[in-house]
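Residue numbers for the sequence shown, in this note's numbering: 391 to 735. Read the structure below first, then the notes.
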Amino acid sequence: MVDWDDLLLLSPVQRTNDAYLQGDPTTLSARVPGYVHRVAVADMETVKEGQVLYEIDEAEYRAQVDFARALVAEAGAQVAISAAQIGLQERQIDVTQSNADLAQSDLILAEQERSRQNGLRGTPAFLLRDWEQATQNALALQATVAGNRATVASQTAQLKVLHATFEQTKAVLRAKQAALQNAQINLGYTRVLAPRDGRLGFRIARVGQYVGAGAPLIQLVPSNDVWVVANFRETQVRNMHVGQSARLTFDAYPGITLVGHVDSIEPGSEALVSLLPPDRAVGNFTKIAQRVPVKIRIDPGQARQNELIGRLLPGLSVEAAVDTSSQPATPPASPATQTAPASLP
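In structure tokens form, the structure reads like this:
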């Protein structure tokens with residue numbers, strides 16, 4: 391008796407109609423909470439990257455930007471004041487130091503005069519009045535020099551405090567600038583843009599509706615970034631490898647055939663990788679052929695591919711045929727993506 395399944399397996403071309411177009415749809419969500427001010431698109435509309443889709447009421451966020459900008463200006467003024475105080479303190483130190491240097495020079499002269507008067511003691515040239523005046527001048531200048539030095543030390547310590555305050559005001563300014571930047575980012579988030587070219591689904595949020603951060607607004611399906619997931623029986627993937635050529639036909643567009651290649655092979659059966667894998671540890675068991683998902687990419691640059699731009703939608707049915715006799719265009723990416731060799735049972 392002829393086993394038709396065995397005859398089919400002898401063919402190098404393995405076919406399946408259990409195949410569907412898949413895409414990478416993105417659910418666009420609100421980045422900031424607020425009331426929807428404008429919906430700029432319609433259901434199922436084709437959009438371009440950067441196109442405005444939604445606008446959330448920006449009044450509150452613009453006020454936050456203005457407030458943050460005012461705080462930056464205030465912090466900048468504090469930095470300028472602190473810098474001016476440092477400059478003033480440095481000039482005061484210079485003046486005090488100059489006075490101290492001048493007093494030190496006068497003290498040297500006064501000490502010399504007092505020494506000279508001391509040398510005149512016991513001689514006819516000695517005058518008590520001159521000696522007392524020289525002594526008083528020397529003592530007064532000593533006190534002045536000591537006072538100036540103490541003032542310089544105090545002013546220098548105060549200068550260190552002013553430098554610390556200056557660094558603090560600069561840190562506050564940086565914090566206010568970061569807050570302003572964050573407020574500007576949030577203001578920008580009130581406009582929801584298309585991250586890439588594609589087609590939209592149904593609008594979820596409407597004008598006047600309040601949405602929270604992370605609330606879904608609309609779904610975007612990228613244009614032409616689709617692939618085929620074909621579910622082959624486990625016996626069909628015996629000689630199937632990454633890179634082998636495939637032919638694809640579409641139920642929605644009869645008469646159009648596109649060429650693709652095997653991109654990857656699921657490292658497990660469809661049942662095993664599902665969210666609820668079957669539990670076969672039961673008494674009743676019926677063996678059925680398992681299905682292995684195979685990802686097929688459509689090759690670019692085909693003549694008839696332009697006819698299907700924007701029309702290959704995720705979920706459409708496909709018939710796939712993989713030529714297992716063809717040599718892979720590229721070696722398998724990793725052992726996890728290739729099946730057992732044909733020589734294995």
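Beta carbons: idealized from backbone N, C-alpha and C, even for Gly.
- With a cutoff of 7 Å on beta-carbon distance, V455 and L638 are scored as not near each other.
- The three-state secondary structure of F457, taken from DSSP, is helix.
- For G650, same chain residues with a beta-carbon under 6 Å away, outside a window of 5 residues either side, are A636, L638, I686, R687, I688, D689 in chain order.
- Taken atom to atom, the span from the alpha-carbon of G537 to that of F556 is near 28 Å.
- For the 7 Å CB-CB criterion, V429 and V597 form a contact.
- With the rule of 3 Cβ pairs closer than 8 Å, the segment 527-547 counts as touching the segment 479-486.
- By the C-beta density criterion, P683 is buried, having at least 16 other C-beta atoms within 10 angstroms.
- Burial state of V551 is exposed, judged by a 10 Å Cβ sphere holding fewer than 16 other Cβ atoms.
- In the three-state DSSP reduction, F640 falls in the strand class (E or B).
- Apart from the 5 residues on each side of it in sequence, T559 sits with its Cβ closer than 6 Å to the Cβ of Q468, V469, S472 in its chain, given in chain order.
- In the three-state reduction of the DSSP assignment, A409 falls in the strand class, which pools E and B.
- Collapsing the DSSP output to three states places Y451 in a helix.
- A463 has its alpha-carbon roughly 50 Å from the corresponding atom of G700.
- Annotation: the segment 553-641 contains the following complete segments of the beta strand (DSSP E) (minimum length 3 residues), in chain order: 581-583, 588-590, 606-612, 617-623, 635-640.
- If you ignore the 5 residues before and after D433, its C-beta comes within less than 6 Å of the C-beta of F592, R593, all in its own chain and listed in chain order.
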